[in-house]
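Worksheet: the structure to be examined is printed underneath.
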Ligand SMILES: [Zn+2]
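Following this line, the structure appears as structure tokens:
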């Protein structure tokens, strides 16, 4: 049993690599969405999206076909639920918008979605929020679906290029990073800022840095431990070690 008086000590940052085993392609990898179709990145430009109905129609069709709707969490997502139940988890900071941490059972208030979420969609004018699935169901008759309150443009709550990160997400992430004794970066090359900047922040605050990624990352030189094995094996093994280390008498 954990010492319930002890504060949690582990913060985990996750990127696309934790969800590729769930069938969700990453953006920049060899099989990535933008590698295979550079024009796909234009669909995520907020200015083009707000200006051009054709961009919105193509964007909605792409979201409707996205692998996220069929994706299921893997052992890598589930082991972070074990970490939370052991009383060790400060927070999961994620660059993913697939909702798989919550689907695995992580508490919503422990998950900080730094790049937003595909689960919900909001009106760019009046900020009314609706489930994205409900909007997708309207596409056959409404290829550029509009807000049912004010007629404004709808956009998934994923952070597009040219948009700010969600309110308070970065603040919460910085606080969770400063509280960490162990900071684990999983499935991310740590090249996208400002999120990547959390890693040196954690190290400066005295955290032990563990990198779990098949490819080299921008901060391997700061890592105390680097795990190159497949994430679905490496992360559960790491979590089991962290939980054992917390148990009294060890
Ligand atoms: Zn509206």
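Numbering (full-length UniProt numbering), first residue to last: 1 to 250. The beta-carbon is built from N, C-alpha and C at its ideal position, and this holds for glycine as well.
Exercise. Helix, strand or coil for residue 20, going by three-state DSSP, please let me know.
Key: helix
Self-check item: Whole-angstrom C-beta distance between residue 22 and residue 80, which should lie under 8 Å
Solution: That pair is no contact at about 14 Å.
Quiz item: Would the beta-carbon of residue 208 be found less than 6 Å away from any heavy atom of ligand 1?
Solution: no
Exercise. Alpha carbon to alpha carbon, how far is residue 105 from residue 1? Give it in angstroms, no decimals.
Key: Bear in mind that the predicted position of residue 1 carries a pLDDT of just 48, short of 50, making it too unreliable to give a figure here.
Self-check item: Same chain, Cβ closer than 6 Å to residue 163, neighbours up to 5 away in sequence not counted
Solution: 46
Quiz item: If you measure from the CB of residue 149, is any heavy atom of ligand 1 nearer than 6 Å?
Solution: yes
Quiz item: Rounded to whole angstroms, how far is the Cβ of residue 88 from the Cβ of residue 8, which I believe are closer than 8 Å?
Solution: 5 Å
Quiz item: Can you tell me the Cα-Cα spacing of residue 37 and residue 55, whole angstroms?
Solution: 15 Å
Exercise. Would you tell me roughly how many angstroms separate the C-alpha atoms of residue 220 and residue 211, rounded to the nearest one?
Key: 7 Å
Quiz item: Less than 6 Å between the CB of residue 128 and some heavy atom of ligand 1, yes or no?
Solution: yes
Quiz item: Is residue 125 near ligand 1, going by C-beta to nearest heavy atom under 6 Å?
Solution: yes
Practice problem: Please report the residue range of the beta strand (DSSP E) in which residue 90 lies. | Solution: 89-94
Practice problem: Determine the extent of the alpha helix (DSSP H) in which residue 243 is found, giving its start and end residues. | Solution: 231-246
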